[in-house]
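Chains as they are written, first to last, in my numbering: chain B, 1 to 133; chain U, 1001 to 1159.
Structure first, commentary second.
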Amino acid sequence: MIEIANIIIVLFIILGAFFHLIAALGVLRLPDVYTRNHAASKAATLGVLCILLATFFYFYFHESEFNTRVLLCIVFMFLTAPVAGHLLGRAAYHHGVKMEGSKVDEYEEYIKVKKSNEPKKYEAYKKKLEKNL
Amino acid sequence: MAVQILLNVCLGFMWMFLTTTYDLVAFIKGYFFGLLILFVFRNFFSSRFYLYRVYAVVKLLFIFIKELILANIAVVKIVLTPKLHNTPGIFAYPTRLEKDWEITTLSNLITLTPGTLVVDISEDKKILFVHAVDMNDVQDEIEAIQTSFEKAIMEVSRK
């Protein structure tokens, strides 16, 4: 029983470390803020999750201590990481950071339409979008 | 939904008082019988029998976890390929959801799906702006996934 638990713990730690490594590599390798954001916000979340789960299992099986704080931490990570990614991307866009090699940018159009402050233009823009889909 | 759960808890306590045994087992028994009673009287409530909604929430949770794992596999693939040949871009996605919490949940789910990240939500809360890592092949697939997300969220909020 304790052997199986050890295998699970080691597996989770290795997986977590691997995902952190991937997140770091992604931040180094990818060309612009937005794609880096993808790598960091996703891989780091799952990495932290795996390591926290390993911690939880270690204390549960070896010290038989049911640590709810670790589980709460997992829930908070789940809830906050995507929001942080969203806000970083948004802040970068509004500071005029360019995307590397992009073709499509429908957000730029939206900002233009919004700044013109004409509801008619906005309606036309929305209709155009619905045709696209 | 909240009213039904509260009523069910009250029925559990009622069972404890009727049998004059005050422990957890008695409460669970009472809760179970109260559940049956609520199921029989489900037509008298304005919303659905609440277990359906609990089931929908659990399903949404599993979708969340599955998508997180899939997204990470996709990230690993993108990062570890020797040559980067993706074309990023931002596309607009009109949503049918209306309440704030639904839109928040949808954008969180989209952020955790493979290759997409929500950049902004339009002021009238009708359009989501999503940054995609690869615009070429992913888009149709993304649309399919997101309609399934929307369905799952609507299943939770349906009356």
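Every residue, glycine too, gets a C-beta built ideally from N, C-alpha and C.
Treat the numbers as computed from the prediction; the structure is a model and nothing was measured.
Item: For Leu1128 of chain U, the residue or residues it bridges with in DSSP; Value: U:Tyr1093 and U:Ile1121
Item: Where Phe1116 of chain U falls: helix, strand or coil (DSSP); Value: Looking at the sequence itself, residue 1116 of chain U is Thr, so the reference to Phe does not match. Here Thr1116 of chain U sits in strand by DSSP.
Item: Range covered by the alpha helix (DSSP H) that runs through Gly1012 of chain U; Value: Ala1002 to Thr1019
Item: Cα-Cα separation, Glu65 of chain B to Leu1061 of chain U; Value: 26 Å
Item: Whole-angstrom distance between Val1118 of chain U and Ala1132 of chain U, CA atom to CA atom; Value: 9 Å
Item: Exposure of Ser1148 of chain U, with buried meaning 16 or more beta-carbon neighbours within 10 Å; Value: exposed
Item: Helix, strand or coil at Asp105 of chain B [DSSP, three-state]; Value: strand
Item: Beta carbon proximity, Leu53 of chain B to chain U, threshold 8 Å; Value: no
Item: Beta-carbon proximity check, Ala43 of chain B vs Ala23 of chain B, cutoff 8 Å; Value: yes
Item: Asn1072 of chain U (DSSP reduced to helix, strand or coil); Value: helix
Item: Asn67 of chain B, DSSP secondary structure in three states; Value: coil
Item: Contact with chain C by Ser41 of chain B, beta-carbon distance below 8 Å; Value: This model lacks chain C altogether; the protein chains it does include are B and U.
Item: Buried versus exposed call for Tyr93 of chain B [16 or more other C-beta atoms within 10 Å across all chains shown]; Value: buried
Item: Simplified DSSP state of Tyr34 of chain B, which is helix, strand or coil; Value: helix
Item: Proximal chain B residues relative to Ala1002 of chain U, where beta-carbon distance stays under 8 Å; Value: Result: empty, since nearest Cβ-Cβ is about 21 Å, beyond 8 Å.
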